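One structure is given here, and the rest of the page talks about it.
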Amino acid sequence: MQALEELRIKNSLCTACDLADKRRNVVSGEGNPYSPLIIVGEGPGDQEDASGRPFVGRGGQLLTKALQDAGISREQVYICNTVKCRAADWSTGKPQNRPPSNEETLKCRQWLIPQLSIIAPKVILCIGAPSAKNLIKRSFKITQERGIEFPSDYSEVILASLHPSYILRQQRPGNDGGYGLLVADMQKAWRIATSS
Ligand code: URA
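Residue numbers (our numbering): 77 to 272.
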């Protein structure tokens with residue numbers, strides 16, 4: 077889709093914040109630009125930064141599996157992030173991923189909001205609290221408010237679910253760490269997105 081490609085090219089040249097200094101790739105997004113469902117994560121990690129593709133690392137593999145378990149393929153949806161460049165702490169020499177700052181998140185809205193407007197999905201599924209706080213409301217509480225439908229300026233419905241990295245940290249033998257909730261929220265989002 078031409079408008080999205082033009083936006084991606086402009087985004088790839090962005091120097092609006094310091095994340096531009098150390099990034100290898102701007103991770104704009106990928107998938108079906110005509111999808112009724114867009115998934116918005118937090119921001120790229122090491123493998124996403126290296127490949128230029130969203131959700132391809134360990135968390136990304138869990139996200140892809142959850143989509144499959146929800147009966148959705150990655151190719152059916154559009155996947156992107158709140159922040160398009162990797163946020164990491166470089167102070168120890170070895171980069172450690174960190175949540176994007178408020179300033180980085182605000183600056184990156186110049187890419188995310190046009191992306192949402194061009195794709196114009198029926199449903200936005202925010203993955204993780206930073207995405208939900210950015211697109212739903214500042215006070216969003218992910219464990220209490222995940223799976224709840226909210227109105228949005230950018231879609232008919234917006235909802236949020238747990239982040240794969242959080243789920244991976246919570247998982248124990250006999251405890252899925254919230255994986256089932258992520259699958260259920262994806263199913264709900266897809267049901268709304270594909271209903272007439
Ligand atoms: N976590 C995210 O939020 N987005 C990615 O692209 C990868 C990991």
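Here a beta-carbon is modelled for each residue, glycine too, at the ideal position from N, C-alpha and C. These figures come from a predicted structure and were not determined experimentally.
DSSP beta-bridge partners of residue i
i	result
LEU113	VAL199
TYR279	No information on residue 279 is available, as it lies outside the stretch 77 to 272 that the chain covers here.
ALA164	ASN173
ASN251	ARG248
LEU235	LEU201
Of the listed residues the options, nearest to residue i (C-alpha basis)
i	options	result
LEU89	SER104, MET77, GLN78, ALA79	SER104
VAL132	ALA260, PRO112, GLY107	GLY107
GLU221	ASP261, ILE243, SER241	ASP261
GLN123	GLN172, GLY253, TRP187, SER193	GLN172
Spatial distance of residue i from residue j (CA atoms)
i	j	result
ASP165	SER272	45 angstroms
ILE234	ASN251	28 angstroms
GLN246	GLU179	29 angstroms
ALA142	SER149	10 angstroms
LYS249	PRO190	At residue 249 the sequence reads Pro, which differs from the Lys that was named. For PRO249 and PRO190, the distance between alpha carbons rounds to 42 angstroms.
LEU80	ILE203	21 angstroms
VAL259	SER237	9 angstroms
ARG267	LYS86	34 angstroms
ARG134	PRO240	8 angstroms
LEU257	LEU83	33 angstroms
Residue i Cβ short of 7 angstroms to the ligand URA heavy atom set
i	result
PRO171	no
ILE212	no
ASN157	yes
SER241	yes
VAL103	yes
GLU81	no
ILE65	Outside the displayed span of the chain (77 to 272) sits residue 65, for which this structure offers no information.
GLY117	yes
MET133	Per the sequence shown, residue 133 should be read as Gly rather than Met. At least one heavy atom of the ligand URA is nearer than 7 angstroms to the Cβ of GLY133, so yes.
GLY254	no
8 angstroms Cβ cutoff, residue i in contact with chain D
i	result
TRP266	Absent from the structure is chain D; it holds one protein chain and no more.
Should the region 180-187 be called in touch with the region 220-233, which here means at least 3 C-beta pairs below 8 angstroms?
In short, these stretches do not touch, since the Cβ pair count stays below three.
Counting Cβ pairs, one atom from each stretch, are 3 or more of them under 8 angstroms apart for the region 151-163 and the region 110-124?
The region 151-163 is in contact with the region 110-124.
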